[in-house]
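Here is the structure we will look at, set down as structure tokens.
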Amino acid sequence: MHEEIAEFSLKKAQELGCKYVEVRAEERISNGFVLKNGNLEISGFDINNGIGIRYLVNNNIGFVSFNNFDRKNIIQILKKSISTTKNSSRISKDIYFSDEKQEKADYKINQKEKIKDATEDRKIKILKEIDNEISKLPQRYLSLGDEVAEKYYINSEGSRVHSMIPRVSFMYFITINKNKKSIQKYFTHGACSGYESIKKWNLEKKIPEQVSILENNLANGVKSPKEKMDLIIGSEVTGIAVHESVGHPYEADRILGREAAQAGESFINIKMINTKIASSIVNVVEDPTMENSYGYYLYDDEGVKAGKKYLIKKGMVNEFLHNRETAFELKMKSNGCSRANNYDVEPIIRMSNTYVEAGNSSEEEIIKETKKGIYMKSYMQWNIDDKRYNQRYTGSEAYLIEKGEIKKPVFAPIMEITTPKLWSSIDMVGKKIGMYVGNCGKGEPMQGIPVYFGGPVMRLNNIMVK
Amino acid sequence: MESIIHYISKELKKKAMDDVVVAMYEKEGKQLKFVDNKVVKTGYELASNISIFCSKDKKIIYTSLKDISKSRADELIKKVKEFSKDLPQNNDYYGIAKGPFKYKTKVDYDKKIMDINESDMLEKGINKALEDSKRVSGNLEVWHLKTHLVTSNDVDAVDYSSNLYFSIRAFNEKDESGHMTCCSNTLRNFSIEKTSERAAEIATLAKNPKEIKSGKYPVILSHMAFAPLLNNISDAASMYNVESGFSFLKELNRSYGNFTLEDDATLPNGFNSCRFDEEGVPTEKTKIIENGILKTYLHNTSTAKKYKTRTTANAGLIAPRSFNIVFDCKKGDIFDVKEGIYITNVWYTRFQNYATGDFSTIPRDGAFLVKNGKIVQSLKGLRISDNMINLLKNIKCCNKKVLQIKSWEAETPAFTSEVLINDVNITKPEH
Chain A
7 MHEEIAEFSL KKAQELGCKY VEVRAEERIS NGFVLKNGNL EISGFDINNG IGIRYLVNNN
67 IGFVSFNNFD RKNIIQILKK SISTTKNSSR ISKDIYFSDE KQEKADYKIN QKEKIKDATE
127 DRKIKILKEI DNEISKLPQR YLSLGDEVAE KYYINSEGSR VHSMIPRVSF MYFITINKNK
187 KSIQKYFTHG ACSGYESIKK WNLEKKIPEQ VSILENNLAN GVKSPKEKMD LIIGSEVTGI
247 AVHESVGHPY EADRILGREA AQAGESFINI KMINTKIASS IVNVVEDPTM ENSYGYYLYD
307 DEGVKAGKKY LIKKGMVNEF LHNRETAFEL KMKSNGCSRA NNYDVEPIIR MSNTYVEAGN
367 SSEEEIIKET KKGIYMKSYM QWNIDDKRYN QRYTGSEAYL IEKGEIKKPV FAPIMEITTP
427 KLWSSIDMVG KKIGMYVGNC GKGEPMQGIP VYFGGPVMRL NNIMVK
Chain B
140 MESIIHYISK ELKKKAMDDV VVAMYEKEGK QLKFVDNKVV KTGYELASNI SIFCSKDKKI
200 IYTSLKDISK SRADELIKKV KEFSKDLPQN NDYYGIAKGP FKYKTKVDYD KKIMDINESD
260 MLEKGINKAL EDSKRVSGNL EVWHLKTHLV TSNDVDAVDY SSNLYFSIRA FNEKDESGHM
320 TCCSNTLRNF SIEKTSERAA EIATLAKNPK EIKSGKYPVI LSHMAFAPLL NNISDAASMY
380 NVESGFSFLK ELNRSYGNFT LEDDATLPNG FNSCRFDEEG VPTEKTKIIE NGILKTYLHN
440 TSTAKKYKTR TTANAGLIAP RSFNIVFDCK KGDIFDVKEG IYITNVWYTR FQNYATGDFS
500 TIPRDGAFLV KNGKIVQSLK GLRISDNMIN LLKNIKCCNK KVLQIKSWEA ETPAFTSEVL
560 INDVNITKPE H
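Same order as they appear, the protein sequences are chains A and B. With the first letter of the first sequence counted as 1, position 8 gets the number 14 in our numbering; the numbers rise by one all the way through. With the first letter of the second sequence counted as 1, position 61 gets the number 200 in our numbering; the numbers rise by one all the way through.
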């Protein structure tokens, strides 16, 4: 880590006229392995380190990054960057940050089975053993990766935050063929932890189970009746829906238009706080502090302490995701949602771990109380418009429900629905929460960032299923 | 004096590696991000990165060096040696290209590109768009890249590129927006004002959008809307994706309609044009699909040897990839429809099944109902929910105006016209 260089850079940026400066020195040590159709296609390791500096000069934001730590070089780069910012000043917006508490912290996640002690041999064995269980499939794409990210964040207001976050992930993509039909499934597991998480995921058992389920769907799945009925969605579908149609439209930078050109804006506006958006049994939480979660952090990339917050409370719009810029614009404090996926990009508002809170019904009760419907347990295809209003989820594992009982599998049922309709149609919420891993894209340049999303099984009352 | 990449290559060979490919990328870049007519962030980046690929007894290791010094290189070389010990062989690996090569491709290049006054340039673009729209947001980027490639098979080559990219989205009232991008290697072909004008023109046309019935329509895809789908097709042509299940292009010599799709890294004005691929093979023009017939997949030396063909100079050392996509088909009047839909942009293309080609994508910005060849109504709330093979087979014609499009959704630049596609399935959400 280049902590001294970070301090040097901060001091130099101030000397060059920046009234606010924040510096992130980062080092990410990673390993990755890909097993394609049983063959070890890629194996590699990487050490990615560098420094990113964001500053305010004449109330305009500049961002500069580099990975050459020579001090003379740093001064030259800072001068060039500040000159670019000043040159654009006449067409720039004045930016202000909310006042926030100075933070001093040092935190890390303890690993029971340390990433640095996991041998290449062990990692390859994990992949090979899973592959052996599903070797009958013609196309199998398995990937295992790990990373230890060390970060030293400092700003000119005195904050100093050091963190060390390990992360492991496993992804599979499989193709199942039967009777000239095929079905595909893509799924990722992930955690901020050491290799102990691999055992918890129980991959050697779960993946062959998933293959059997999809084979059954492929062989026996019927077409979805195209009509209005109750739709039960599994935790996996709840997760993607809450991420796409609650998390994203509640990002204050979208609401205020900062991502308008690419990631888009939001159908939500600032006047909608405390207005009805969902059934009163719906509560949506965003919480970066969940232990070992894939989107874990305790301090964001503006040095603001993170915490649990309710985006929707009893069906009402409750709170947006903020950084210091949007918080200032709306005359409030930041709630610590600013993140960058690497040292060389600016921090922007991101989700972390987003979920629907548990309700009162068991999965069995929800099924039993459904006279006619479909249970979409998982999905493959999904998308949503750039205002987060018009969305579509196509089922992967799905079943017909008749008179409170699960019947035949259904092949690729579709929910295509607006956000208000989706969240106001919920009439039953399950007791048990499942969480799922994603890599969320946003920003220019594009930043993919680890997120976690989920919730319980939920029932949508009387909606169109195709 | 020996360069760091020659040193790394030599030392890895000393450690008994069979194939070694070392590439150094030196990039300098600037960015202006603007929102509601004002710059909200300036960016400046200076980065060097060395990527290293090596094989030992068919064991493959891929790594990189960012903190560039001899001592760090020595640590990395030691680690490569240790890392390779426990690896199993990659039975699908068949080696890298044998050089040396002569390079003929000449790409438009301006070494002074970093000296432009990007603020003046952007201001002109913003002002032009504001003549016909209320607010604009977007991104202007300029960068310079030097690539130096050395391999253990006698390649030692250098390439330089200069790049300009501009993206602008113009807004009027609610749901009335237009988006356009432009990209170029030099200032000569980089027209910010025309791009801004087009974005504003679409936003103006998009007045008072309404919903339309679901169903099958003839659909006209603009340059911006078609380029992301062309990216999906060229991705499906990579042999790596074919083997992995990420491809609907199943069989060589099968017909996929009546159009021609090339990858061409030799175009002087191609945004991703370059002299050589990632293993040093001179770049070339490759007809992937000719008159609808799938002629070849995209290969590097290793995948080509596996399938007993020749490399198409599309390394990616792991996964072959396209550089610049070029589309062409029969010319015609794309607005010659009784009732159709003109779509100016799409985003969020996702596949239910890559192998069958079942997918959906969401039109964004201006979309229009066309009746008897004329735009009669602005539309919203659409989705294309169809199959990629059906879509390709239903391509009817294209117009003559070819643009090079690169965007968030079209990472690989595509030279394309606007196209008319028959019987496209349009769906809409339940409210």
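Glycine included, C-beta positions come from ideal geometry on N, C-alpha and C.
| Query | Result |
| --- | --- |
| Could one say the Cβ of A296(B) lies closer than 9 Å to chain A's Cβ atoms, at least one of them? | no |
| Name the chain A residues whose beta carbon is nearer than 9 Å to that of W486(B)? | Q268, G270, N389, D391 and D392 |
| Could you work out which residues of chain A lie near Y164(B), taking near to mean beta carbons separated by less than 8 Å? | Near Y164(B) there are no residues of chain A at all, since even the closest Cβ is about 12 Å away, more than 8 Å. |
| Looking at C-alpha atoms only, which residue of K377(A), E408(A), N467(A) and Y305(A) is the closest neighbour of K157(A)? | Y305(A) |
| Under DSSP, the alpha helix (DSSP H) around D127(A) begins and ends at which residues? | E126 to E139 |
| For K127(A), count neighbouring C-beta atoms within 10 Å of its own C-beta (all shown protein chains included) and say buried if the count is 16 or more, exposed if not. | A quick correction: the sequence has Asp, not Lys, at residue 127(A). So D127(A) ends up on the exposed side. |
| So which residues of chain B does G68(A) contact, with C-beta pairs closer than 9 Å? | K180, T181, G182 and Y183 |
| Just the C-alpha distance for T500(B) and G354(B), rounded to the nearest angstrom, thanks. | 15 Å |
| Is any beta-carbon of chain B found at less than 9 Å from that of F193(A)? | no |
| By alpha-carbon positions, which one of S344(A), D137(A) and K311(A) ends up nearest to N43(A)? | D137(A) |
| From what residue to what residue does the beta strand (DSSP E) around V291(A) run? | V290 to E292 |
| Check each residue of the segment 229 to 255 of chain B: if its Cβ is closer than 8 Å to any Cβ of chain A, include it; give the result in chain order. | N229, N230 and D231 |
| Distance cutoff 9 Å, beta carbons only. Does A186(B) sit that close to anything in chain A? | yes |
| Any contact between the segment 302 to 315 of chain B and the segment 178 to 187 of chain B? By contact I mean 3 or more CB pairs, one from each, below 8 Å. | no |
| Taking only beta-carbon atoms, is A506(B) less than 9 Å away from chain A? | no |
| Anything in the segment 362 to 388 of chain B with a Cβ closer than 7 Å to a Cβ of chain A? List those residues in chain order, please. | E382, S383 and G384 |
| Return helix, strand or coil for V515(B), following the three-state DSSP convention. | strand |
| What's the C-alpha gap between D236(A) and K377(A)? | 8 Å |
| Can you pull the DSSP bridge partners for G182(B)? | F69(A) and Q170(B) |
| Less than 8 Å between C-beta atoms, sequence neighbours within five positions excluded: which residues of the same chain meet that for K198(B)? | S223, L226, P227, Q228 and N229 |
| Could you work out which residues of chain A lie near I147(B), taking near to mean beta carbons separated by less than 8 Å? | None at all; the shortest Cβ gap to chain A is about 14 Å. |
| Please report the straight-line C-alpha distance between T286(B) and G409(B), rounded to a whole angstrom. | 17 Å |
| The alpha helix (DSSP H) spanning S258(B) covers which residue range? | E257 to L269 |
| Are there 16 or more other CB atoms within 10 angstroms of the CB of G182(B), so buried, or fewer, so exposed? | buried |
| List in chain order: all unbroken beta strand (DSSP E) runs of 3+ residues lying wholly within the segment 526 to 568 of chain B. | 534 to 537, 542 to 544, 553 to 555 and 558 to 566 |
| To which residues does DSSP link D403(B) through a beta bridge? | K424(B) |
| Taking the C-alpha atoms as reference points, what is the distance between I143(B) and F39(A)? | 27 Å |
| Please return the same chain residues whose Cβ sits closer than 6 Å to the Cβ of K510(B), not counting the five positions on each side in sequence. | E478 |
| Can you name the residues that DSSP bridges to L41(A)? | L46(A) and L148(A) |
| Excluding the five sequence neighbours on either side, which residues of its own chain have a C-beta within less than 6 Å of the C-beta of A414(B), listed in chain order? | Note that residue 414(B) corresponds to Arg in the displayed sequence, not to Ala. The residues are Y242, T244 and D298. |
| Tell me, please, whether the CB atom of H570(B) is closer than 9 Å to any CB atom in chain A? | yes |
| In or out: E164(A) buried (at least 16 other Cβ within 10 Å) or exposed? | Checking the sequence, you will find Gly at residue 164(A) rather than Glu. Answer is exposed; the Cβ neighbour count stays below 16. |
| Please name the residue, chosen from K434(B), N302(B) and S524(B), that lies closest to D562(B) on a Cα-to-Cα basis. | S524(B) |
| Where D196(B) and D157(B) are concerned, what is the direct C-alpha to C-alpha distance, given to the nearest angstrom? | 7 Å |
| Is T332(A) close to chain B? Criterion is C-beta to C-beta, closer than 9 Å. | no |
| Just verifying my parser: in three-state terms, what is the DSSP assignment at I457(B)? | coil |
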